[in-house]
Structure formats: structure tokens, C-alpha cells
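Novice: I am attaching a structure below and will ask some questions about it afterwards.
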Amino acid sequence: MPGNTIHLTPDDVVVKDGHPYTAGGGAFPSGHTNTGYTDALLMAEMIPERFDALVIRGARYGYSRLVLGVHYPLDVMGARMVAQRNVAHYLNDPYYRTLFNEARAQLREALVKECGTTIVECAASTGKDDPYRDPAMHTFYRFTMTYNLPQQKGEHQPLKIPKGADVLLQTALPNLSPAQRQALMEETALPAGYPLSGETEDQQFWQRLDLSAAYEMARKTR
Numbered sequence: 013m014p015g016n017t018i019h020l021t022p023d024d025v026v027v028k029d030g031h032p033y034t035a036g037g038g039a040f041p042s043g044h045t046n047t048g049y050t051d052a053l054l055m056a057e058m059i060p061e062r063f064d065a066l067v068i069r070g071a072r073y074g075y076s077r078l079v080l081g082v083h084y085p086l087d088v089m090g091a092r093m094v095a096q097r098n099v100a101h102y103l104n105d106p107y108y109r110t111l112f113n114e115a116r117a118q119l120r121e122a123l124v125k126e127c128g129t130t131i132v133e134c135a136a137s138t139g140k141d142d143p144y145r146d147p148a149m150h151t152f153y154r155f156t157m158t159y160n161l162p163q164q165k166g167e168h169q170p171l172k173i174p175k176g177a178d179v180l181l182q183t184a185l186p187n188l189s190p191a192q193r194q195a196l197m198e199e200t201a202l203p204a205g206y207p208l209s210g211e212t213e214d215q216q217f218w219q220r221l222d223l224s225a226a227y228e229m230a231r232k233t234r
């Protein structure tokens, strides 16, 4: 029929504007996951009363990219590493920290006003209505660090904590010294040899860092 643009298309081809679609953007690391983890980590620093829940929420966001079928596990794992490293870098920058503290104070003031009570009381839960209190969430977080990809056996370099990395636990564990926070990071780190652990000390640390486990260990020993 004149003007009819409808035509048969092979069922094994994705078509855009009448032509086979080709993807031009890279997948590694996942940009959405990077943003999700970054936001989750910054919120966890602003609201340490929900630190663990927010860190795990970042992992769930990354996992959603796999569920949607738009990324591979390595894309998500790499994005987590980048986000952790970047947030630590930001929080160690004096100028950024000043702006961050102002935003943090404004957020907490707004939350107190809306909750009508302290943030501690507002954030508390019995566990029944809070899925993030389920111990299985820690297992899930650990899973998202490797997605069950195989571990390479053999000798590996010892874990070395980058200078300033413990800032990620500073507001959540303010009563601990930097050395104590670093010790927690080392004790709860993922074993060496998993994908993206790399050959450099910096890359190995950011892949093996388990903030959820470090915070949980400190909480249990208080």
C-alpha cells in the first residue's frame, strides 16, 4: 500500500530506524552502578544510623543491572571499586569535605524535622519491617563482590590499605581510630585471587574491601 512503512524484519535482528542496531558505548565499568554505589556510599556517610542498609542498597542497585540484562558481573564489580575509591578520595579532600558537611547537616536537620524525633529513633527498627536487618543481606553483599566467579589459587600479595581509605568508616564508627578501622577492613576483606583483584595494591584493595562485613564486625564487638 502507498505510504505503508511496515515490513517484515528477521526475528534475530534488533532494528532501529529501519537499520540493524549496533551498540557503540562501552559496558565496563557500569556507569549506572557507579552512580548508584556513589550515591549509596555518600548517603551512608550522611546517615550512619543506616550505614549498613545503604551500603547494601548500593549492591542491590548494581545487581539490578544484571537482572535487566544490560551488564555483566565484571562491569558491576568494577563500578563498585571505582565508586569506593572515588568517594574515599572526595571525603579526604578538605574543600569537598566542607561542602559535604554542609549538605550532611542540612539533610539531617530535614530528617529530624520530618521524623519528629531523633534520627537514631527514626532509623531504628525491630527487623520485621526492615529487610536490611536480615543476616542474609550480608551474604548477598558478599556474593555481589564476586558473583561466584572462580577464585585463582596460588600466592598473592598481602592486602595493603591505601592511605585515607578508612574514611569510608569514619562517620559510622567514629569511636575507632584510623588504625582500628583499617584493621577491620583488613580482617573482613574478601580473600585474594578473585577477578579484578589485579596485580597492583590499589586495585586489589578496592576489589576486596567489604564495608558491610567491616561494619557488622565492629557492631558485634561494641
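Numbering (this note's numbering) for the sequence shown: 13 to 234.
The beta carbon of each residue, even a glycine, is placed where N, CA and C say it ideally should be.
Note that the structure is predicted; figures quoted are calculated from it, not measured.
Here's the rule: buried if 16 or more other CB atoms are within 10 angstroms of the residue's CB, otherwise exposed. What is Glu121?
Specialist: Taking the sequence shown and counting its residues from 1, the one referred to as residue 121 is at position 109. The residue in question, Glu121, is exposed, as its Cβ has fewer than 16 Cβ neighbours within 10 Å.
Novice: Use the C-beta contact count for Asp141: other C-beta atoms within 10 angstroms, 16 or more gives buried, fewer gives exposed.
Specialist: Looking up residue 141 in the sequence shown gives position 129. Asp141 comes out exposed.
Novice: Pick helix, strand or coil for His44, following the three-state DSSP scheme.
Specialist: What you label residue 44 is simply residue 32 of the sequence shown in a count that begins at 1. DSSP places His44 in helix when its eight states are reduced to three.
Novice: Output the distance between the C-alpha atoms of Thr156 and Glu114, rounded to the nearest integer angstrom.
Specialist: Within the sequence shown, the letter at position 144 stands for residue 156. Within the sequence shown, the letter at position 102 stands for residue 114. Going from the Cα of Thr156 to the Cα of Glu114 covers about 32 Å.
Novice: Express the C-alpha separation of Trp218 and Pro207 in angstroms, rounding to a whole number.
Specialist: Position 195 of the sequence shown, counting from 1, holds the residue named residue 207. Position 206 of the sequence shown, counting from 1, holds the residue named residue 218. Approximately 12 Å, taken between the alpha carbons.
Novice: Would you kindly check if the distance between the Cβ of Thr158 and the Cβ of Ala91 is under 8 Å?
Specialist: Residue mapping note: residue 91 aligns to position 79 of the sequence shown, counting from 1. Residue mapping note: residue 158 aligns to position 146 of the sequence shown, counting from 1. Cβ atoms of Ala91 and Thr158: not closer than 8 Å.
Novice: So, Ala148 versus Leu196, is the Cβ gap smaller than 8 Å?
Specialist: Sequence index remark: in the sequence shown, residue 148 carries index 136 (1-based). Sequence index remark: in the sequence shown, residue 196 carries index 184 (1-based). No, Cβ-Cβ distance for Ala148 and Leu196 is not below 8 Å.
Novice: For Gln118 and Ala71, what's the separation of their Cα atoms in angstroms?
Specialist: The residue given as residue 118 occupies position 106 in the sequence shown. The residue given as residue 71 occupies position 59 in the sequence shown. Answer to the nearest angstrom: the Cα atoms are 26 Å apart.
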